[in-house]
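In the UniProt record's numbering, the protein residues as written are 4 to 365.
All residues carry an ideal CB built from backbone N, CA and C; glycine is no exception.
Read through the structure below, which is laid out as structure tokens, and then see the notes.
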Ligand code: PMP
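Below is the structure:
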């Protein structure tokens, strides 16, 4: 029996044990090729099967319509912050950004280097405890696009419904909640996500892009930074991160075997509730950061009554084997990331730990 930690890391984060075991089993001789998947040519049939299987599985799980392309890129979600305006922020247009946390800020700053951008709304004044109401979003029908961050990994908030933007292309950074629940891809012109939370290891970035939107992209940019380059070449223009895509394909198989996104969403609700309930019944011993209506099911952020208690809580959690409970270095506090692959028993164990800690320190 291997000793697996209670892993609440925010990303890279827990992967399904069965996927790791399968990768281990297949490592030295991948499907009778006599080599590992990392050693295969990316032009080989064996690799091509993995690559296309990952695309098909993602299409199936997210019900991605035929008029969308699925791309596997590199450079993390952070490179998307730049690629999006390079491709889509035309000189005579503006792009609207909804500010809901540090990652929206980073996306906005990159776009600002390349064109005209403005805030469609911001919850910064409330210390990013909430998401703007849909009716409060201010953008224009001739904007290049509207950008949102569907789950705010650092502050622990999540969009519960998405705007219907009509003709304005909606772009979403779904890095920290893609595959956590069903979504209607039709709402979006482009969805992007770094893989290292719900999808697999770091190194792959998934982009889902509507074909008619893709056709509007700027052509005067470097080849590798054009979405069309990757779309035309099935993400095989250059060497893709083959091992990461293999792991992604296995994580997607695991998600399908679990029963798909309805089942996963249900599990995620249960997992998050185990911890939010402790916060809510703690008489202020634990203080949730996010407003209740906007609580993330992926990243549960909270503080303790005093900085001293918080320090001792984090130390004790670590001693007891709960890893990754420290809040992001930029804001401190506590954060439990309960992504898809975090087992419910991990959340149960942490819940018990929180209850016990309160008893001992109240
Ligand atoms: N967006 C969000 C919502 C994130 O959580 C992160 C990483 N934690 C990023 C973007 C940046 O991703 P990457 O490190 O893959 O560039």
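When secondary structure is reduced to three states using DSSP, residue 213 falls in the strand class. Annotation for residue 111: no beta strand (DSSP E) segment contains it, though the alpha helix (DSSP H) segment containing it runs 105-115.
Listed in chain order, the non-local C-beta contacts of residue 132 below 8 Å within the same chain comprise 126, 158, 160, 292, 293, 294 and 297, local neighbours out to five positions each way being set aside. For the set 20, 236 and 210, the Cα lying nearest the Cα of residue 82 is the one of 210. In this structure, residue 257 has its beta carbon at no less than 7 Å from each heavy atom of the ligand PMP. In terms of Cβ geometry, residue 214 and residue 32 do not form a close pair [threshold 8 Å]. DSSP places residue 27 in the helix class (H, G or I) of the three-state scheme. What you get when you keep residues with a C-beta closer than 6 Å to any heavy atom of the ligand PMP is 14, 79, 80, 81, 106, 152, 156, 176, 178, 179 and 197. The shortest C-alpha to C-alpha distance from residue 147 to any of 176, 319, 216 and 212 is the one to 216. Collapsing the DSSP output to three states places residue 46 in coil.
In the assembly as shown, residue 259 is an exposed residue. Its beta-carbon has fewer than 16 other beta-carbons within 10 Å.
By a beta-carbon distance limit of 8 Å, residue 152 does not contact residue 171. Their separation comes to about 17 Å. For residue 176, the enclosing beta strand (DSSP E) has its first and last residue at 173-176. Contact between residue 239 and residue 45 holds, with the beta-carbon distance rounding to 6 Å and staying under 8 Å. Rounded to whole angstroms, residue 353 and residue 251 show a C-alpha spacing of 28 Å. Judged by their CB atoms, residue 340 and residue 105 are not nearer to each other than the 8 Å cut-off. Under the Cβ criterion (8 Å, minimum of three pairs), the stretch 9-25 counts as touching the stretch 316-327. Residue environment: residue 113 is assigned as buried (16 or more neighbouring CB atoms within 10 Å of its CB, all protein chains considered).
Boundaries of the beta strand (DSSP E) harbouring residue 123: 119-125, taken from the DSSP string.
A distance of 8 Å or more separates the beta carbons of residue 349 and residue 304. Residue 247: member of the alpha helix (DSSP H) spanning 245-261, first to last residue. Taking all protein chains shown into account, residue 338 has 16 or more neighbouring C-beta atoms within 10 Å of its C-beta and is therefore buried. Annotation for residue 227: 240 and 241 place their beta carbon closer than 8 Å to its own, counting only its chain and skipping 5 residues before and after. Here the C-alpha atom of residue 276 lies approximately 11 Å from the C-alpha atom of residue 347. Judged by their CB atoms, residue 306 and residue 89 are not nearer to each other than the 8 Å cut-off.
Annotated as distal: residue 202 and residue 190, with beta-carbon spacing of 8 Å or more. Rounded to the nearest whole angstrom, the CA to CA distance from residue 219 to residue 256 is 34 Å.
Fully enclosed beta strand (DSSP E) runs of no fewer than 3 residues occupy 148-152, 173-176, 193-197 and 208-213 of the stretch 145-230, in order along the chain.
In this structure, the beta-carbon distance from residue 40 to residue 249 falls below 8 Å.
Going by C-alpha positions, residue 111 is about 12 Å away from residue 124. Residue 186 sits away from residue 196, with the two beta carbons spaced by 8 Å or more. The alpha carbon of residue 177 has as its nearest neighbour, out of 140, 342, 8 and 29, the alpha carbon of 342. About 6 Å separates the beta carbon of residue 77 from that of residue 244, a gap short enough to meet the 8 Å contact definition. The beta carbon of residue 139 sits closer than 6 Å to the beta carbons of 124 from its chain, once the five residues preceding and following it are set aside; these are given in chain order. In the displayed model, residue 304 falls within a strand according to three-state DSSP.
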